[in-house]
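Reading through the structure tokens given below for one structure.
Residue numbers (the working numbering): 5 to 276.
Quick look at the structure:
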């Protein structure tokens, strides 16, 4: 078989896999939607962690067997908060309740995500928002879509006219990172039109891919936070780098996703 035919077969296979992955992610989202409504009260960190784990396990009980059956040879990233490069081969990087703390507080900003990584490159991703029913998908080389409609990043070419966003550092984050987050927000408040700060990162990145906001940045962060959105933004015509404009990898200590027209200005602001 020629190399061209082999490439076509892989693309067809991955496209089918994307559809099946989306079905699994929607099923997990439906289970979490049934649990959504009242604020979940907790008085200690242990109680908070238990409530988060119950949501995670509700989705994982659906996602793990379904995704494993789709790609039995793929390994599974056990800790959604891990960062850095993955070993060779295929890996499922899943966030069963992205924005889990929002779910517990009866806030609508949460999602279910699943990304297949092959040799440390995201191949396909699904981000499902159960409360709206929206499903964002991306396949390497085939574009990014919202419920089947193509996504395109913003055409904005002036950071001063841009809406930008970042995500809060984790509660146990290193002090240096927390201070870097704070100083970057201050810098963007001077240079951008509007600065949004909230969790989770993935939902900001879906907005970049859809052209609703013009740039998103983050310091540190986990694979499951960034890989789905990185593929969505790239396939929607955006640019991914670290905050200083260098190529981004899961080992990088910062992340920037931007529309091409504002990327250079965003790098300049974040590099001050």
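Ideal Cβ positions, reconstructed from N, Cα and C, are used throughout, including at glycine. Keep in mind that this is a model prediction, so the values were computed, not measured.
Under the rule that 16 or more other beta-carbon atoms within 10 Å means buried, what is residue i, buried or exposed?
i, result
"residue 276", "exposed"
"residue 194", "exposed"
"residue 145", "exposed"
"residue 256", "buried"
"residue 269", "buried"
"residue 53", "exposed"
"residue 43", "exposed"
"residue 91", "exposed"
"residue 2", "Examination of residue 2 is not possible in this model, given that the chain is present from 5 through 276 alone."
"residue 100", "buried"
"residue 184", "buried"
In this structure, how does DSSP classify residue i when only helix, strand and coil are distinguished?
i, result
"residue 83", "coil"
"residue 17", "helix"
"residue 149", "strand"
"residue 99", "strand"
"residue 107", "helix"
"residue 120", "strand"
"residue 128", "strand"
"residue 115", "strand"
"residue 200", "strand"
"residue 36", "helix"
If contacts are defined as beta-carbon pairs under 8 Å, then residue i and residue j qualify, I think. What distance do you get, rounded to the angstrom?
i, j, result
"residue 209", "residue 261", "6 Å"
"residue 203", "residue 103", "6 Å"
"residue 231", "residue 119", "5 Å"
Exercise for the section: Output the residue ranges of the alpha helix (DSSP H) runs that lie fully inside the segment 205-271 and measure 4 residues or longer, sorted by chain position. Expected result: Unbroken alpha helix (DSSP H) stretches of 4 residues or longer found wholly inside the segment 205-271: 205-213 and 227-239, given in chain order.
Exercise for the section: May I ask you to verify whether the segment 136-154 touches the segment 250-258, counting CB pairs closer than 8 Å and requiring at least 3? Expected result: no
Problem - Three-pair Cβ contact test at 8 Å for the segment 121-136 versus the segment 64-71 - result: no
Practice task
Spell out a yes or no on whether the segment 230-247 and the segment 161-176 are touching, meaning 3 or more CB-CB pairs, one atom from each, closer than 8 Å.
Solution key: no
Exercise for the section: Within the segment 136-198, note down every full alpha helix (DSSP H) run reaching 4 residues or more, in order along the chain. Expected result: 179-195
Problem - Inter-stretch contact (C-beta, 8 Å, three-pair minimum) for the segment 155-163 and the segment 116-129 - result: No: fewer than three Cβ pairs fall under 8 Å.
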